[in-house]
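Trainee: For the sequence shown, our numbering assigns the number 16 to the initial residue and increments by one for each residue that follows.
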Amino acid sequence: MKHMTYAYERVSTQKQDEKRQEIALDKYNIDKRFIDKQSGKDADRPALKTMIDALQDGDIVYCESISRLGRNVDDLRQLTNTIKAKGATIHFVKEGISTDGSGYKFLVTILGAVAEMERETINDRIREGMLKAKMFGTKKGNPIGRPPVDLPKSFDKYYKQWKAGSITAVEFARLLDVGRTTLYRYIKVYEAEQ
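Have a look at this one:
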């Protein structure tokens with residue numbers, strides 16, 4: 016009976032493309048690909064389940080990296096043990112390890128912990144970005160328009176002289192050490208605040 020060579024690929028969302036993983040695995044003469052488009056936070060994924068059910072003794076599974084199989088240490092250990100118990104071997108291409116040796120459990124635990132930490136960091140950044148966006152009322156979390164203008168301390172004094180006609184706009188700008196465009200922006204902000 017011919018042993019099968021499988022590829023397991025995963026991206027986190029429907030919008031993402033698994034092409035990078037596909038290219039990395041093409042050289043292994045893959046018989047069948049299994050692709051999930053959902054988070055690796057748990058092992059409840061349809062393509063993963065189908066692949067595991069299909070595995071037989073001597074089959075080989077290639078995965079572009081440990082984080083593609085999962086981002087939870089406990090799930091990674093369980094999945095690698097299940098695949099090994101079926102008599103199949105899994106190769107993690109990026110990390111250069113496989114379950115046909117004896118040290119894989121240690122490496123899967125360490126690298127799985129790193130993948131889990133990365134996932135938590137990504138989630139923290141997403142939450143921070145959402146809070147910032149909510150605060151500023153924008154999608155990207157940036158304030159709308161230019162940042163607020165801090166007027167120089169001496170602006171009020173020179174503004175009054177300029178308004179009284181004691182100094183020209185050129186002199187006003189020179190006294191503040193700014194260009195005329197900046198000066199007029201300052202004047203606009205100042206007058207809006209009055």
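Glycine included, each C-beta is placed from N, C-alpha and C at the ideal position.
1) Return yes when the Cβ of residue 45 is within less than 8 Å of the Cβ of residue 20, no when it is not.
2) Let me make sure I understand the geometry here. Which of 51, 30, 136 and 17 has the alpha-carbon closest to that of residue 85?
3) Buried or exposed, going by whether 16 or more other CB atoms sit within 10 Å of the CB of residue 169?
4) By Cβ distance, which residues of its chain are closer than 7 Å to residue 94, with the 5 residues on each side in sequence left out?
5) Could you tell me which whole beta strand (DSSP E) segments of length 3 or greater appear in the stretch 26-69?
6) Taking residue 196 as part of the alpha helix (DSSP H), name the residues at either end of that continuous run.
7) Which runs of the alpha helix (DSSP H) fall wholly inside the stretch 83-120 and span at least 4 residues, in chain order?
8) For residue 98, tell me which candidate among 70, 182, 110 and 81 has the shortest Cα-Cα distance.
9) In this structure, how does DSSP classify residue 185 when only helix, strand and coil are distinguished?
Mentor: Let's see:
1) yes
2) 51
3) exposed
4) 58, 84 and 85
5) 47-52
6) 195-208 is the span of the alpha helix (DSSP H), which, as asked, contains residue 196.
7) 88-100
8) 70
9) helix
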